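Residue numbers (this note's numbering): 4 to 210.
So the structure is just underneath, and the comments pick up after that.
So, in C-alpha cells, the structure goes:
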C-alpha cells in the first residue's frame with residue numbers, strides 16, 4: 004500500500020510540474036516573472052492547471068498517509084498527516100475559487116482563493132518540516148533526516164520571503180517556492196518508492 008501511494012505521489016507531482024512549466028510558454032499574455040500562478044487558473048488553458056491542483060492535492064494526502072504508515076509507532080506523528088491533508092483541501096479550494104484579477108474589483112471568491120492559497124503554502128511547508136523532523140526518531144530513517152529537513156527549511160524561509168518581500172517579482176519568487184515544495188515532495192515519495200524498511204530490520208523491533 005505504501006509503495007502504491009508513493010508511486011501515485013510521484014506521478015501526481017510530475018504531472019503538476021509538467022503542466023505548470025508548459026503553461027509558462029502557452030500563456031504569452033502573462034509575464035511569468037510577475038504573474039503568480041493563480042492568474043494562470045483564469046483564461047486560456049486554466050482548466051489544465053486546475054486539474055493539476057486537484058492531482059497535487061491527492062499527492063499531498065497520499066504522501067502524508069504513506070509516511071504515517073511507513074514510520075514505526077515511536078517515530079510517527081499525526082500532525083504532518085493532518086497538515087498535508089489540510090493543505091490538500093486548501094489547494095482544492097484555491098483551484099475552485101476564482102482569484103481576483105488585476106484591474107477588477109475584489110470579490111468574495113477572490114478573498115477565499117487568497118486565504119486558501121496561503122493556508123496551502125503554510126500547511127504544506129510546516130508539514131514538510133515536521134515530517135522531516137520525525138525521521139530522526141527511527142534508526143532506519145535517520146540518515147534521510149538532514150537532506151529532508153534542510154530542503155524543508157529552505158522552502159519555509161522562501162515562503163516567508165515571498166510573504167514579507169513586497170517589492171519582489173511575485174511570480175518568480177512564488178514559483179521558486181513551489182519548485183522547492185515539489186522537490187521535497189518528489190524526494191520524499193521517491194524514498195518511499197525505493198522501499199520501506201521492514202519491521203524485522205529495525206533495531207529493537209519485533210521479529
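Note that the Cβ used here is the ideal one computed from N, Cα and C, for glycine as well.
Predicted model, so just to flag it, every value in this text is computed and none were measured.
The alpha carbon of residue 178 has as its nearest neighbour, out of 25, 40, 32, 8, the alpha carbon of 40. Close CB contacts of residue 192 within its chain, under the 7 Å cut and outside five residues either way in sequence, are with 9, 12, 13, 16, 66 (chain order).
The region 40–49 makes no contact with the region 61–80: fewer than 3 CB pairs, one atom from each, lie closer than 8 Å.
In the structure shown, residue 131 falls within a helical segment according to DSSP collapsed to helix, strand and coil. The Cβ atoms of residue 90 and residue 133 lie no closer than 9 Å to each other.
Counting only residues of its own chain and dropping the five nearest sequence neighbours on each side, residue 84 has a CB closer than 7 Å to the CB of 67, 68, 71. Annotation: the continuous alpha helix (DSSP H) that includes residue 21 extends over 5–29. Under the 8 Å Cβ criterion, the region 165–183 does not count as touching the region 99–117, having fewer than three qualifying pairs.
With 16 or more other Cβ atoms from the protein chains shown falling within 10 Å of its own Cβ, residue 184 counts as buried. Per DSSP, residue 106 is not a residue of any alpha helix (DSSP H), being assigned neither H nor E.
The Cβ atoms of residue 138 and residue 78 sit closer than 9 Å to each other. Here DSSP, grouped into helix, strand and coil, assigns residue 150 to helix. About 5 Å separates the beta carbon of residue 95 from that of residue 60, a gap short enough to meet the 8 Å contact definition. Here DSSP, grouped into helix, strand and coil, assigns residue 143 to coil. Residue state for residue 174 is assigned as helix, using DSSP reduced to three classes. Classified as buried, residue 141 has 16 or more neighbouring CB atoms from the shown chains inside 10 Å of its CB.
Remark: C-beta atoms of residue 180 and residue 124 approach each other more closely than 9 Å. Here residue 159 has 128, 129, 131, 132 as same chain residues with Cβ atoms under 8 Å from its own Cβ, once five neighbours each way along the sequence are excluded. In the structure shown, residue 39 falls within a coil segment according to DSSP collapsed to helix, strand and coil.
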